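First comes the structure, then the notes that go with it.
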Amino acid sequence: MTSVWITVPTLNEVENLDTLVQRIHAAVPGAHILVVDDGSVDGTAEKAEALGAELGGIEVLRRPRKMGLGSAYRAGHAIGLARGYDVMVQIDADLSHDPAALPDLLDAVERGADLAIGSRYVPGGSVPNWPKHRLMLSVWGNRYAGFMLALHVRDSTAGYRAYRAPLLRKMNIESTHSTGYGFQIEMTYRALRAGGRIEEVPIAFTDRVRGTSKMSTRIIVEALFLVTVWALRDRVLRRH
Ligand SMILES: Nc1nc2c(ncn2[C@@H]2O[C@H](COP(=O)(O)OP(=O)(O)OP(=O)(O)O)[C@@H](O)[C@H]2O)c(=O)[nH]1
Ligand SMILES: [Mg+2]
């Protein structure tokens, strides 16, 4: 049977954790959860530890301060790989990514995908609550990244993913430095360059109901800047 390792990055998500864990357990009963907490001040790490003691199959990596989303995934995936898990999943803690879609992502991997992306922009995918300007920013950001890096992926900034271990190993994730959207795009780019087969699975991305967003303009600007740098380096200057 396929073993599944799920990394959940958290920064002050105590209000969402209970529901998230229950829904993950309901969707994929045998999955192991690692909460990577960056010094939350609302008791997220303590809550995660309590849930682990109560339910089992949940552990917490406590880090002292906010180190960024990319760094949280690098740490989480690396531990899952080192422990020999078959599939490494990443999911936001704020319930924007519905755990009920996990079986769809895992089915895609089971059918042969090396990376399954929970995608808002393939037929059947949606973002029901976003205001028009946010949707446009995301859609055009994705088009820019797709065009510049020849990704052929509709939603390369998506954070809801399942990686098969051999691909993740080939991607040398520890040598990435980006964070936020830039990190998701870099990982997509690396997956393709490592010869990975990517499948996009439609999801509905709902806005967080509880807690506060950590998204910032800086993260968007960083992503656009990095995409431009990678494209110039690899495509225009043809240095591979
Ligand atoms: N460990 C860790 N987790 C983080 C960090 N920044 C954000 N997160 C978590 O990453 C997930 C996504 O962050 P969000 O604040 O929801 O950002 P977003 O989904 O891009 O933006 P929204 O649409 O506004 O929610 C959530 O589970 C956060 O708690 C960080 O620096 N470290
Ligand atoms: Mg969110």
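Counting from 1 along the sequence shown, just add 99 to a position and that's the residue number in my numbering.
Ideal Cβ positions, reconstructed from N, Cα and C, are used throughout, including at glycine.
Since the model is a prediction, treat every value here as computed from it, not as a measurement.
Exercise. Do you know how far the Cα of Arg162 is from the Cα of Gly138?
Worked result: Counting from 1 along the sequence shown, the entry for residue 138 is found at position 39. Counting from 1 along the sequence shown, the entry for residue 162 is found at position 63. One C-alpha to the other measures close to 6 Å.
Exercise. Ends of the alpha helix (DSSP H) at Arg260?
Worked result: Along the sequence shown, read from residue 1 onward, the residue named residue 260 stands at position 161. Element bounds for Arg260: not the alpha helix (DSSP H) but the beta strand (DSSP E), Arg260 to Arg263.
For this session: Would you give the residue range spanned by the beta strand (DSSP E) that Glu158 belongs to?
Result: As a working mapping, residue 158 is identified with position 59 in the sequence shown. Here the beta strand (DSSP E) through Glu158 covers Ile157 to Arg162.
Exercise. If Ala290 sits next to Ile297, beta carbons under 8 Å apart, how far is it from one beta carbon to the other, in whole angstroms?
Worked result: The residue you call residue 290 lines up with position 191 of the sequence shown. The residue you call residue 297 lines up with position 198 of the sequence shown. Contact flag correct, Cβ pair sits at about 6 Å.
Problem set entry | Residue range of the unbroken alpha helix (DSSP H) whose run includes Ala174 | Within the sequence shown, residue 174 is the residue found at index 75, counting from 1. First-last of the alpha helix (DSSP H) with Ala174: Leu168 to Ala181.
Problem set entry | Neighbourhood of Ala174 by C-beta distance below 7 Å, restricted to the same chain and skipping five residues each side | Stepping through the sequence shown from its first residue, residue 174 is reached at position 75. So the qualifying residues of the chain are Val135 and Leu160.
For this session: Specify whether the segment 186-202 and the segment 104-111 touch according to this definition: at least 3 beta carbon pairs, one from each stretch, less than 8 Å apart.
Result: yes
For this session: Whole angstroms is fine: what's the gap from Met100's alpha carbon to Leu205's?
Result: As a first step, residue 100 must be located in the sequence shown, where it is residue number 1. As a first step, residue 205 must be located in the sequence shown, where it is residue number 106. Rounded to whole angstroms, Met100 to Leu205 spans 12 Å at the Cα level.
For this session: Using the DSSP secondary-structure output, state which residues sit across from Met235 in a beta bridge.
Result: The sequence position of residue 235 within the sequence shown is 136, counting from 1. Met235 pairs with nothing; no bridge assigned.
Problem set entry | Closest residue to Phe282 among Gly294, Gly295, Ala244 and Arg309 (Cα-Cα distance) | Along the sequence shown, one-based indexing puts residue 282 at 183. When each option's Cα is compared against that of Phe282, the closest is Ala244.
Exercise. Going by the C-beta, is Arg307 closer than 7 Å to any heavy atom of ligand 1?
Worked result: As a working note, residue 307 is residue 208 in the sequence shown. It does: the Cβ of Arg307 is within 7 Å (strictly closer) of some heavy atom of ligand 1.
Exercise. Below 8 Å between beta carbons: does that hold for Asp254 and Arg219?
Worked result: The residue labelled residue 254 in the question sits at position 155 within the sequence shown. The residue labelled residue 219 in the question sits at position 120 within the sequence shown. In contact: Asp254 and Arg219 (Cβ atoms closer than 8 Å).
Exercise. According to DSSP, what are the bridge partners of Pro301?
Worked result: Here residue 301 corresponds to residue number 202 of the sequence shown, with the count starting at 1. Ser218.
Problem set entry | Reference Gly151; option with closest CA among His276, Gly211 and Leu116 | By one-based count along the sequence shown, residue 151 stands at place 52. When only C-alpha atoms are compared, the closest one is Leu116.
Exercise. From this set, Lys269, Ala207 and Pro222, which residue's C-alpha is nearest Ala215's C-alpha?
Worked result: Position 116 of the sequence shown, counted from the start, is the residue given in the question as residue 215. If we check each option's Cα against that of Ala215, Ala207 comes out closest.
Exercise. Thinking C-beta only, is Arg317 closer than 8 Å to Leu180?
Worked result: Looking up residue 180 in the sequence shown gives position 81. Looking up residue 317 in the sequence shown gives position 218. Result no, Cβ atoms of Leu180 and Arg317 do not sit closer than 8 Å.
Problem set entry | Buried or exposed by the 16-neighbour rule on C-beta atoms within 10 Å, applied to Gly155 | What you label residue 155 is simply residue 56 of the sequence shown in a count that begins at 1. Exposed.
Exercise. If Leu248 sits next to Ala322, beta carbons under 8 Å apart, how far is it from one beta carbon to the other, in whole angstroms?
Worked result: The residue you call residue 248 lines up with position 149 of the sequence shown. The residue you call residue 322 lines up with position 223 of the sequence shown. So it is not a contact: roughly 12 Å between Cβ atoms.
Exercise. Which residues in the same chain as Ile177 place their Cβ atom closer than 8 Å to its Cβ, once the five residues preceding and following it in sequence are excluded?
Worked result: Working through the sequence shown from its first residue, we reach residue 177 at position 78. In the sequence as presented, Ile is not what sits at residue 177; that position holds Ala. The answer, listed in chain order, is Ile272 and Glu273.
Exercise. By a C-beta neighbour count over all protein chains shown, 10 Å radius and 16 as the cutoff for buried, is Pro227 buried or exposed?
Worked result: Against the sequence shown, residue 227 aligns to sequence position 128. The residue in question, Pro227, is exposed, as its Cβ has fewer than 16 Cβ neighbours within 10 Å.
Exercise. Taking Cβ to Cβ, would you say Val103 is nearer than 8 Å to Lys146?
Worked result: The count along the sequence shown starts at 1 and reaches residue 103 at position 4. The count along the sequence shown starts at 1 and reaches residue 146 at position 47. No; because the gap between Cβ atoms is not below 8 Å, this pair is not in contact.
For this session: May I ask which residues mark the beginning and end of the beta strand (DSSP E) holding His131?
Result: Your numbering for residue 131 matches position 32 in the sequence shown. Taken as a continuous stretch (DSSP letters only), the beta strand (DSSP E) holding His131 covers His131 to Asp137.
Problem set entry | For Met286, the three-state DSSP class (helix, strand or coil) | The count along the sequence shown starts at 1 and reaches residue 286 at position 187. It is helical.
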